[in-house]
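Novice: A single structure is presented below for examination.
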Amino acid sequence: MTAAAWAVLVIALVIAAVDWISVAATIRWLEYATKPGFMLALIVLAVVLHPANPTERAFFVVALALGLVSDVFLMLPRDLFVAGLGAALVEHLVYISGFRTRELHHGHLLIAGAIAVASVVVIFPAIDRALRRDHPNLVAPVIAYLVVFVVMVASAGSTGSLVALAGALLFFYSDAILAWNRFVKPLPFGRVVNIVPYHAGQALLVVSLLS
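Following our numbering, the numbering of the sequence shown begins with 161 at its first residue and continues without gaps.
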């Protein structure tokens, strides 16, 4: 990476750390600044680094912008979960489009897809039961989102980049934690446990543009 890219990455990581503190301490005004601030820093990082594939970079910038929109919807006091879910779903479709600009590695695709499906088998039944009991109107949107997310993880793996796959999986598990914490039962420090892998996953996806 260039010196400028390293500098932006460091700034993004500092913003992420401050966001974790704001979430842990429930400092809402600070969270409102740092959560979108982190995504803005990643967008700048994607723009200033020298990608292996400029077309993939263009898709990722759009995906990150959609992720920023989704984050804003999900952190506001109003219940905009469906709007946030919709923005994130389109974000994953754009990430998939970016991954498909690379050479397809079928073996890696199958392995990544198997990991994603196995994760769903372990995690989703409890979330599905909770949704059907308390939020039946969310069952179909969440399942659609989950299907797209599994394809996104498999597509990340299909690039042959372990960095991209790690980023996609961390993103996937972050959203699983968010759903569990929101619909099944609150986890100890659940919001922090959700946001840390989310930030790490998004950052790794951007870094994967280098190779």
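Positions of the beta carbon are idealized from the N, C-alpha and C atoms, including for glycine.
(1) Contact defined as beta carbons within less than 8 angstroms: I believe Gly361 pairs with Leu330. What is the distance between those atoms, to the nearest angstrom?
(2) What separation, rounded to the nearest whole angstrom, lies between the Cα atoms of Leu370 and Trp166?
(3) Rounded to the nearest angstrom, what separates Ala164 and Val208 at their Cα positions?
(4) Taking DSSP as the reference, what is the three-state secondary structure of Phe349?
(5) Grouping DSSP H, G and I as helix and E and B as strand, with all else coil, what is Ile287?
(6) Suppose contacts are defined by Cβ-Cβ distances below 7 angstroms. Is Met312 in contact with Ile256 by that definition?
(7) Go to Arg188, then tell me how far its alpha helix (DSSP H) extends in each direction, as first and last residue.
(8) Once the 5 residues before and after Val254 are set aside, which same chain residues still bring their CB inside 7 angstroms of it?
(9) Within 10 Å of its beta-carbon, does Trp189 have 16 or more other beta-carbons around it, so buried, or fewer, so exposed?
(10) Among Val352, Glu263, Ser368, which residue has its Cα nearest to the Cα of Ile187?
(11) Using DSSP with H/G/I as helix, E/B as strand and the rest coil, what is Arg260?
(12) Select from Ala328, Asp179, Leu240, Pro237 the residue whose C-alpha is nearest the C-alpha of Ile275.
(13) Given a threshold of 16 other Cβ atoms within 10 Å of its Cβ, counted over all protein chains shown, does Pro296 qualify as buried or as exposed?
(14) Taking C-beta to C-beta, are Ser334 and Tyr358 nearer than 7 angstroms?
(15) When you compare the CB of Gly327 with every CB in chain C, is at least one pair closer than 7 angstroms?
(16) I'd like the list of long-range same chain contacts for Val229, defined as Cβ closer than 6 angstroms, with 5 residues on each side in sequence excluded.
(17) If distances are taken between C-alpha atoms only, which option among Asp239, Val242, Ala314 comes closest to Gly267?
(18) Can you look up Met235 in the DSSP assignment and give me helix, strand or coil?
(19) Look at the Cβ atom of Ile283, then the Cβ atom of Ala363, and state whether they are nearer than 7 angstroms.
(20) Compute the beta-carbon to beta-carbon distance between Ala272 and Ala316, rounded to the nearest angstrom, for a pair I have assumed lies under 8 angstroms.
(21) Using CA atoms only, rank isn't needed, just tell me which of Arg217, Thr194, Lys195 is closest to Leu205.
(22) In terms of residues, what are the limits of the alpha helix (DSSP H) holding Val183?
Specialist: A quick look at the data gives this:
(1) Confirmed, about 3 angstroms.
(2) Cα to Cα, Leu370 sits roughly 12 angstroms from Trp166.
(3) If you take the alpha carbons of Ala164 and Val208, they lie about 7 angstroms apart.
(4) In this structure, Phe349 counts as coil in the three-state DSSP scheme.
(5) Of the three classes helix, strand and coil, the one that applies to Ile287 here is helix, per DSSP.
(6) A contact, by the Cβ cut-off of 7 angstroms.
(7) Per DSSP, Arg188 belongs to the alpha helix (DSSP H) from 188–208.
(8) Cβ neighbours of Val254 within its own chain (closer than 7 angstroms, five residues either side excluded): Phe219, Val222, Ala223, Leu226.
(9) That one is exposed.
(10) It is Val352.
(11) Arg260: coil per DSSP, three-state reduction.
(12) The shortest Cα separation from Ile275 among Ala328, Asp179, Leu240, Pro237 belongs to Ala328.
(13) Under this definition Pro296 is an exposed residue.
(14) In terms of Cβ geometry, Ser334 and Tyr358 form a close pair [threshold 7 angstroms].
(15) The structure shown contains no chain C; it is built from a single protein chain.
(16) Sequence-distant Cβ neighbours of Val229 in its own chain, meaning closer than 6 angstroms and more than five residues away, are Ala247.
(17) Selected option, being the one with the closest Cα: Ala314.
(18) It is helical.
(19) In this structure, Ala363 does not lie closer than 7 angstroms to Ile283 by Cβ.
(20) Going by Cβ atoms, the distance from Ala272 to Ala316 rounds to 6 angstroms, so yes, they are a contact pair.
(21) Among Arg217, Thr194, Lys195, the Cα nearest to that of Leu205 is on Arg217.
(22) Unbroken alpha helix (DSSP H) run through Val183: 163–184.
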